[in-house]
Structure formats: C-alpha cells, structure tokens
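Taking it in order: structure first as structure tokens, then the write-up.
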RNA sequence: GGCGCCAUCGCCAAGCGGUAAGGCACGGGUCUGCAAAACCCUUAUCCCCGGUUCGAUUCCGGGUGGCGCCUCCA
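Numbering (the working numbering), first residue to last: 91 to 554.
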C-alpha cells in the first residue's frame, strides 16, 4: 500500500519495520470537553486505516492517547470545581460514547499521559544529560531546539524562519525563543509530580513521545494526527524523541485535512464548531462517518447539514442493497446460469476497492466501488439466485463495509406490536382491494415512524 | 515574509499524459392499485492565459479566486 508521508511529501510504499506488523500511533483528544466533528475526522480516518491494515493481513498495534493533563485541562477543572482527574475521567467516558457511536473501534491501547509520568521524566532526564535540554532556576525544563540539527524537517520550516515568529513570554527563562517546555514547574493549585527538578508536570509535546515510545518502541511505523499538529507538536516530538534515543522516531507521518465551516477551519478557538454530541441528536452518526470518508483524508472537507443529508441518503442506499441481498439469500435456491459470472464480478469489486484503499487510503474512490457493487447486487438479486454465490456476495460486502465501518449489520429491532398489527390489517385491506383503507393505514404507520415497502414477498416496515 | 494546500456537473467527490468513477438532487421511463424501494435513460471537456507534447483536466510557467500552518487547536 502507498501512503503519503508528510516527512518526504511523497507517496511511499508502506514497508513495516517488522514484516506483517504495523505499530501505529495517533494523537488523541485532550479530554476537557466533548469532541467536535473536526476532532472526529482523525479518529475515523485513522480507525479506518487500522481496519484496512488488518483487512489486508497486518497485525496492528494501534495506540491513541488521551491527553489528561495540560493547561486547558487545568483551566476547565478549575472552572467546574472538580479535580483534573475527575474531569479527565468524565470526558474519557464521554469520548467513548461518541467514538463508539461513530464506529471507531477501541484502540489496542488508549494510554493516559498521567499514567506515563515516569517515562516522561526519564526522557527529560536523558535529554538534560545529553545536553539537549536544560532546567531553569524556577524548575522548568526546556528543550534546546538548536541542539537538534534536524529541527524543522517535518514542517519544512528552516529554523531561521521559525525564529522570527517565535513567541517570547518574558516570564519564561528560555535561552532561545525557539525552545519549548518539557517540564513545567508546579504552580499553586495545579496537579504535580515529583521530579529531579522539583515538583511539576509535563509539557504537552513530551507526553506523546513518552506514550508512543514506551508502547511501540523508539522507532515505530506510523504516526498520525491532524495537519495542525505538524508544527509545532509533531516537530517537537521528533526533536525530543530522536535527540533522546539517537534513533529515528516515526517512519511515516500521516496528517488529515481539516473540517471547514463555510470554508473556514472548524476550531474551538474560532467557536464555529459542532460537537458530535450535538449532531448525534439530529443525524445518524454512521452517516457522519460516511460523510467524513466521502473525501480523501488529506483534503479539506466542508461541513453542513445539507452534506450530512446527502451522506445519509447514500448510506440508506447501501443499507437497502444489503437488505435486498439478505432477502434474496433467505429465498435462495439452486445455482443459476448467471451465478458464475457474478462471482467473478464480485472479486472485481474487491480488487477495485483494494486498489483505491492501497492508494493512500482513497476512501472516496473505494466508496465509489462500493456503490457500483450495490447497483450490481440490486440488479442481480432481482431474480432468484443460487445460495453459494449470494453467500459469497454477502461475505465480501460485509468485509468491505466493515473496513469502512459503515453499513454495519442493523441490530434486529423489535417492531412495536401496534405497527405489526397495522401492517397485517393493511395486508387484508389490500387483499380485499380496499385501497382507501390500505392507504390510511399506511398513513397511520407513517405517523408511528414507519414507511411501508411492498414487494412480491410481502410488505416490509422501514424506520424513517 | 517563510512553508504548504485547493479550484472537476445544481451540491459533494474520484481521476492526474490518451479525449471525464461514484453519490445526492433534478427530469423522463419500467415496476406498483397508488406509493416506496429497485432498475433503465438523460445531464460536464475539468477557473483563466501561455508553454511542453502526436495528445493535457492531468506536466511546466504566469494569473485569478479560496484556505491552512508559522509555538492553544484534529
């Protein structure tokens, strides 16, 4: 498979460090709030990457962290009058609610920064020993950017260019404006941990280095995150990790594009965001997932209710195709003359899907293949078919939709007795050609939230 | 100022050297008691101007328009 590596700015063949295995790290949420649809994109995209890697046979170790200690956590905890830990516990639970509903599979490990303070301190200590970091009088420890020659290699920014834009806070005791905090000395009312430099807490960047390296090793395959993390977060991770270990950090860097609102980046600071929780009340989150996969992950994607409705309609089409296939399977008989040719077509769809995904996770293209598959299926099952070919069609269909995490088998819903008896009554009315009665029952069912679809096999109820 | 991305049908979105996938919406039709679902048919020369090439939406240069990062941010 080819993936676009931000480091080299080209598509490269993905060659894992250990054959057959992929070690992958994705930056997860800071758990001080519900996450928004913009945050959802990397969760879904990289979850899909993980699913696809597993589908093509890799054993994947997928790590996605929770940042549970930083400035925002502290501020929010103080506002709410709870401890940082309580805040984190609460929003980690909320994260799982939304992520589960979006079809994001649980990562192999979801480490919390505060569970890795020991490793963090070890890395900082090593960096100080090697002369890449220095403590200050007040107990902060800074990374010395100029001590790491490769600084700027991910973002493509020459150090000189960065210097002019660097922030200087007079209260900080940096030797160089470019330097960034590895360890922050304790301030009143903030959580802190003991360290060789006194009580304090980790800086943001070092958390990801510690969690990724302790779970995946000093060199691992893929590091992923949003484009806004390229600089400074990922640049800093590289600097501190490689300076500490002397070995390459992540081998491939994947970055997803933004979600825009009216062509502008959705972000918490701009206030133009929708949380997944907000949307969950109005839309099927599986449609949200489909929407986010309807564009290639590196391209920006505009968000609007209209677009979500379009995605929901598309999803309905995929679900219907699967249901028709299921019905056909229930009525399947012996082999028909067309079965063999269709079995071959199925494999063509699989190939097409894989070719799309192999090209830097082109989910938009892959979805196109899925829709073509759906049409072919709809045509094919309009006549009785053999069980064998239908079974293999269903197997393939499930495999491909599972990779994208959409169109998952609908839970068998208990239909209300009232609806079922109405449906039965309508069938009788239709038998006696009492169309007015039949139509009025259909209207009653609509009010109950069901659409009626007639077919030769009988009428079916469908949630609307 | 530095680094980078984008511009394809009404809306979304693939393709990226050989004359444009797919979805949504729209129109016509088949099926249906009527619908719904499904199916069939119809709908684009790819922002502009140059260049390279037998041939460019696809490569190069220049415009125009939009967006992002440059130490809060997925």
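Glycine included, C-beta positions come from ideal geometry on N, C-alpha and C.
Margin query: Using 8 Å for Cβ pairs, my map puts residue 382 next to residue 116. What's the rounded Cβ distance?
Written below: No, residue 382 and residue 116 are not in contact; Cβ-Cβ is about 15 Å, not under 8 Å.
Note to self: Is it buried or exposed, residue 405, if we count other Cβ atoms within 10 angstroms and call 16 or more buried?
What the structure shows: Counting other Cβ atoms within 10 Å of its Cβ, residue 405 reaches 16 or more and is therefore classed as buried.
Check: Considering only residues of the same chain and omitting the five flanking positions on each side of residue 367, which have a CB-CB separation below 7 Å?
Finding: For residue 367, where only same-chain residues beyond five positions count, the Cβ hits under 7 Å are 124, 188.
Next item on the list: Determine which residues share a DSSP beta bridge with residue 542 and list them.
Entry: Its beta-bridge partners are 551.
Next item on the list: Could you tell me which residues DSSP puts in a beta bridge with residue 201?
Entry: Its beta-bridge partners do not exist; DSSP assigns none.
Next item on the list: Find out if the Cβ-Cβ distance for the pair residue 306, residue 194 is shorter than 8 Å.
Entry: Against a cut-off of 8 Å, the Cβ pair of residue 194 and residue 306 comes out as no contact.
Check: Roughly how many whole angstroms lie between the Cα atoms of residue 445 and residue 472?
Finding: Rounded to the nearest angstrom, the two C-alpha atoms are 29 Å apart.
Next item on the list: May I ask you to report which of helix, strand or coil DSSP gives residue 442?
Entry: It is helical.
Check: From the DSSP output, which residues share a beta bridge with residue 225?
Finding: Answer by DSSP bridge pairing, in chain order: 231.
Note to self: Let me check understanding here. Comparing Cα to Cα, which of 161, 508, 95 lies closest to residue 280?
What the structure shows: Of the candidates 161, 508, 95, 161 places its Cα closest to the Cα of residue 280.
Notebook entry, point to check: At which residue ranges does the stretch 467-497 contain complete alpha helix (DSSP H) runs of 4 or more residues, listed in the order of the chain?
Noted result: The qualifying runs are 477-494.
Next item on the list: Would you mind stating whether residue 324 and residue 244 have Cβ atoms separated by less than 8 Å?
Entry: Less than 8 Å separates the beta-carbon of residue 324 from that of residue 244.
Item checked: Cβ pair count under 8 Å reaching 3, the stretch 221-241 against the stretch 163-182 -> Taking 8 Å as the limit for Cβ pairs, the verdict is that the stretch 163-182 does not touch the stretch 221-241.
Item checked: Option nearest residue 414 by Cα separation, candidates 227, 547, 167 -> Here the closest residue by C-alpha is 547.
Next item on the list: Take the Cβ of residue 264 as the centre, count every other Cβ of all protein chains shown within 10 Å, and call the residue buried at 16 or more, exposed below.
Entry: By the 10 Å Cβ count, residue 264 comes out buried.
Notebook entry, point to check: Tell me the DSSP bridge mates of residue 102?
Noted result: The beta-bridge partner set that DSSP reports for residue 102 consists of 93.
Checklist line | Cross-strand partners of residue 128 (DSSP beta bridge) | finding: According to DSSP, residue 128 bridges with nothing at all.
Next item on the list: Verify whether the separation of the beta carbon atoms of residue 164 and residue 292 is less than 8 Å.
Entry: Cβ distance not < 8 Å, so residue 164 and residue 292 don't count as in contact.
Item checked: Limits of the beta strand (DSSP E) - the one that residue 272 falls within -> Bounds of the beta strand (DSSP E) holding residue 272 are 270-275.
Next item on the list: Measuring alpha carbon to alpha carbon, tell me which of 419, 530, 448 ends up nearest residue 516.
Entry: Of 419, 530, 448, the smallest CA-CA separation from residue 516 is found for 530.
Notebook entry, point to check: With 16 as the cutoff for other CB atoms within 10 Å, does residue 146 come out buried or exposed?
Noted result: Residue 146 should be labelled exposed.
Next item on the list: Give the secondary structure of residue 311 by DSSP, where H, G and I count as helix, E and B as strand, and everything else as coil.
Entry: In this structure, residue 311 counts as strand in the three-state DSSP scheme.
Next item on the list: Assign residue 194 to one of three DSSP states: helix, strand, or coil.
Entry: Correct three-state label for residue 194: coil.
Next item on the list: Would you decide whether residue 248 is buried or exposed? Buried here means 16 or more other CB atoms lie within 10 Å of its CB.
Entry: In the assembly as shown, residue 248 is an exposed residue. Its beta-carbon has fewer than 16 other beta-carbons within 10 Å.
Notebook entry, point to check: Could you give the distance in angstroms between the alpha-carbon of residue 375 and the alpha-carbon of residue 481?
Noted result: Distance from the CA atom of residue 375 to the CA atom of residue 481, rounded to whole angstroms, is 28 Å.
Next item on the list: Report the residue from 497, 101, 504, 543 whose alpha carbon sits nearest the alpha carbon of residue 407.
Entry: Comparing C-alpha distances from residue 407 to each of 497, 101, 504, 543 shows the shortest one belongs to 497.
Item checked: Residue of 468, 110, 396 minimising C-alpha distance to residue 43 -> One cannot answer for residue 43 here, as it falls past the ends of the chain, which runs 91 to 554.
Check: Do the CB positions of residue 128 and residue 349 come within less than 8 Å of each other?
Finding: In this structure, residue 128 lies near residue 349, with their beta-carbon atoms less than 8 Å apart.
Next item on the list: Report yes if the C-beta distance between residue 149 and residue 111 is below 8 Å; otherwise report no.
Entry: Yes; because the gap between Cβ atoms is below 8 Å, this pair is in contact.
Next item on the list: Enumerate, from N- to C-terminal direction, the unbroken alpha helix (DSSP H) stretches of 4 or more residues contained entirely within the stretch 306-384.
Entry: Whole alpha helix (DSSP H) segments, 4+ residues: 325-335, 366-370, 375-383.
Notebook entry, point to check: Taking the Cβ atom as the reference point for each residue, do residue 492 and residue 92 lie within a distance shorter than 8 Å?
Noted result: Result no, Cβ atoms of residue 492 and residue 92 do not sit closer than 8 Å.
Checklist line | Between the CA atoms of residue 403 and residue 409 - distance to the nearest angstrom | finding: Between residue 409 and residue 403, the alpha-carbon positions lie close to 10 Å from each other.
Margin query: On the DSSP letters alone, give me the boundaries of the beta strand (DSSP E) that residue 404 sits inside.
Written below: No beta strand (DSSP E) holds residue 404; the alpha helix (DSSP H) holding it covers 395-420.
Notebook entry, point to check: What first and last residue would you give for the beta strand (DSSP E) that runs through residue 290?
Noted result: Run containing residue 290: 290-292, per the beta strand (DSSP E) assignment.
Next item on the list: Could you give the DSSP three-state label for residue 449: helix, strand or coil?
Entry: Looking at residue 449 - three-state DSSP - the assignment turns out to be strand.
Note to self: Helix, strand or coil for residue 461? Go by DSSP, reduced to three states.
What the structure shows: In the structure shown, residue 461 sits in a helix (DSSP, three-state: H, G or I).
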